[in-house]
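Structure first, commentary second.
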Amino acid sequence: DPQLAAATAVCSSLPGLVSQQIEVCLQHPSTIRSVSDGARRGIIECQYQFRNERWNCTTRNDEQSVFGYILERGSRETAFIYAVTSAGVVHAVTQACSSGNLTDCSCDSTGNGLETPEGWKWGGCSDNLNYGVQFARKFVDAPERVKPAPETKNKKAWSVRMKMNLHNNEAGRQVVSSLMRMQCRCHGISGSCEVKTCWRTMPSFTEIGDTLKHKYRQAVQVAPKVRKRLRRKNKSKTKRRLPVGKGDLVHIHKSPNYCVNDPQKGIPGTSGRICNKTSDEPDSCDLLCCGRGYN
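Numbering (the numbering used here), first residue to last: 4 to 298.
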């Protein structure tokens, strides 16, 4: 079967897939192209959002892991990477569905032709977010659902880390859903709005990035203990822990300061970066140079 042969070629060329991902890939090889587009979209957005900060979402040329140590650590940067990549996959797959590029899905036409109490009709091509979200869940979450290797030393830490990743993946997908909006077109003589057709459409990816950056700033540190649910790391003994929200980004570890070059950890440091003398934002010379000199 030439289709299967093509699918096998696509799926075996992707490094580091777990068996469930390979299975999904073989069933939907055309959708996998959108998955890699989406992951790329996520990385580009990450680099845009952090372009002026000490950590500027540095990637390295490593097929297995473009982020290396940063992904291993479990910091708020890790949380952002997982969320933005997961959102990128939803965005790209959903877009491919709507533009008719995939055989597995098309526009979301549920409700088309139905009239609402306000007198407008559902019509046009609504973005099929459901398919995008379900597909991303199946594919992007798969590595976090694999049982730990027998040689994994600290299975408890491993389990909390998987929970963290799954939580941030879901938070990324949720941002796309929460920013869906309605677009309408008027029909009628010379543009009079006698009939209005409306459909649901996705936000631009920059909007998703902005929202995730805001969530990054307010990311919640969670306790590195295994429980059914992730819980806040509590500073004071007396206060009740607020539950972690579904849409919050969560992290386990504090971030390194990213100032000094540490090749082992994949941190390039900030020397040689261009800073802004007149700014009091993260790109200011004081913050970006970490108190070292600048000219």
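Just so you know, even glycine gets a beta-carbon here, dropped at the ideal spot from N, CA and C.
Cβ-based neighbour list, residue i, same chain, cut-off 7 Å, excluding 5 preceding and 5 following
i    : result
K141 : V27
V253 : A82, M167, H170, N171, A222, V223, V225, L233 and V247
T262 : According to the sequence shown, residue 262 is Cys rather than Thr. Counting only Cβ-Cβ distances below 7 Å, and skipping sequence neighbours, we find R57, G272, T273 and C293.
D321 : The displayed coordinates of the chain run from 4 to 298. Any statement about residue 321 would go beyond what the structure contains.
K280 : C288
C49  : C60, F83, I84 and V87
R44  : G91, H94, A95 and F208
L245 : R235
DSSP three-state assignment for residue i, whether helix, strand or coil
i    : result
E118 : strand
S282 : coil
D111 : strand
W123 : coil
Q221 : coil
R234 : strand
R300 : Nothing about residue 300 can be reported from this structure: the residues present for the chain run from 4 to 298 only.
I211 : helix
P18  : coil
P266 : helix
V276 : It should be pointed out that residue 276 corresponds to Arg in this sequence rather than to Val. Here R276 sits in coil by DSSP.
R76  : helix
Endpoints, the beta strand (DSSP E) within which residue i is located
i    : result
M185 : R184 to H190
Endpoints, alpha helix (DSSP H) assigned at residue i
i    : result
C196 : Run containing C196: none; DSSP gives neither H nor E here.
A95  : R79 to S101
K257 : K257 -> no alpha helix (DSSP H), and no H or E assigned at all.
R164 : K158 to S181
I47  : P32 to Q52
S15  : P5 to S15
Y134 : L132 to V143
Cβ pair residue i, residue j closer than 8 Å
i    : j    : result
A42  : T88  : yes
S33  : S258 : no
M185 : C196 : no
V38  : V93  : no
L105 : S180 : no
H31  : D107 : yes
P151 : K159 : no
Y134 : C100 : yes
V136 : V21  : no
M165 : E147 : yes
R176 : A139 : yes
V13  : I46  : no
Cut-off 8 Å between Cβ atoms - residues of its own chain near residue i, not counting five sequence neighbours on either side
i    : result
T204 : S129, D130, M183, R184, M185 and Q186
V178 : A86, A90, I211, T214, L215, K218 and G250
T209 : E48 and Y51
G191 : E197 and V198
Nonlocal neighbours in the same chain, by C-beta distance under 6 Å from residue i, ignoring five residues either side
i    : result
T61  : P271
P227 : V163 and I255
G126 : N115 and T200
R76  : H256
A10  : L29 and P32
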